[in-house]
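Residue numbers (my numbering): 112 to 347.
Glycine residues also receive a C-beta, built at the ideal position from the N, C-alpha and C atoms.
Please read all numbers here as calculations on a predicted model, not as lab measurements.
Contents: one structure, followed by commentary.
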């Protein structure tokens, strides 16, 4: 079981304040100790306010590498592009000087592009200093979707990233082809943070802590990582 540090907040604003402060401390410490820092980020509404606040911090952003946790295989002009979201929230102001590593390249498919993305991620500072994860109402995290094509490999591979073809559903919509951190990629971090909002997602999180199939609730595989330092932030 991961080393869990659960924090429950009364509001999204309170969670944002705590997340932004934690990220600032983590990146500042990494820069002081190592002269460089790496942060892996997820899309979604929960971390957006913290990203915007973080972008104004007086850090040596030229020595910070920002990389994606997962990405849909779409161009940055697409409304569902995580890269576009990170560009518009985090990579602004002072943080515009950060080095950014994307998960989407010019190859036809995620499967064909996986080797190039893996090479890019292998060159990042490892272990990553901090990785921000979200969770969907189906128990997916990153793009590790229940029973997706490529999920079994993603949970077993020693590579950092993997191509995933999620099953079409109300949750995933029509874009199923994605690139994601593998389970090993998620494990390769000093500190992971899982953001959860709402009672429904908290119920899935609690279910994921119980024994069961990792293919039905992929978050179980993350919670089962024995050495992962994982903070879980929840707000209503």
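- Runs of the beta strand (DSSP E) lying entirely within the stretch 194-275 and spanning at least 3 residues, in chain order: 210-212, 241-244.
- Distance from the CA of residue 276 to the CA of residue 264, rounded to the nearest whole angstrom, comes to 12 Å.
- Between residue 271 and residue 295, the C-beta gap is smaller than 8 Å, which places the two residues in contact.
- In this model, residue 231 and residue 211 are separated by some 11 Å (Cα to Cα).
- Each residue's CA atom was taken as its position, placing residue 164 and residue 262 some 34 Å apart.
- For residue 176, the enclosing beta strand (DSSP E) has its first and last residue at 175-179.
- Beyond the five residues adjoining it in sequence on each side, residue 130 comes within less than 6 Å, by CB distance, of 161 in the same chain, given in chain order.
- Here residue 312 is buried. Its C-beta has 16 or more other C-beta atoms within 10 Å.
- When the alpha-carbon of residue 167 is set against those of 123, 287, 134, 322, the nearest one is in 134.
- Contact check for residue 243 against residue 180 passes: the beta carbons are separated by less than 8 Å.
- Where residue 114 is concerned, the enclosing beta strand (DSSP E) starts and stops at 114-119.
- Under the DSSP assignment, residue 150 falls outside any alpha helix (DSSP H), being part of the beta strand (DSSP E) whose first and last residues are 148-152.
- Closest in C-alpha terms to residue 307, from the list 326, 194, 188, 127, comes 127.
- Assignment of residue 277 by DSSP, reduced to helix, strand and coil, places it in the coil class.
- Taking the Cβ atoms as the reference, residue 182 lies roughly 5 Å from residue 193, within the contact range of under 8 Å.
- Ranked by how close their Cα comes to the Cα of residue 333, the residues 236, 120, 187, 298 have 298 in first place.
- The shortest CA-to-CA distance from residue 172 to any of 339, 153, 189, 139 is the one to 139.
- When secondary structure is reduced to three states using DSSP, residue 140 falls in the helix class.
- Taking residue 141 as the centre and dropping the five residues before and after it, the same chain places the C-beta of 148, 240 closer than 6 Å to its C-beta, in chain order.
- A distance below 8 Å separates the beta carbons of residue 221 and residue 274.
- As computed with DSSP, residue 342 is found in a beta bridge with 116, 304.
- In the assembly as shown, residue 287 is a buried residue. Its beta-carbon has 16 or more other beta-carbons within 10 Å.
- DSSP lists 181, 273 as the bridge partner or partners of residue 291.
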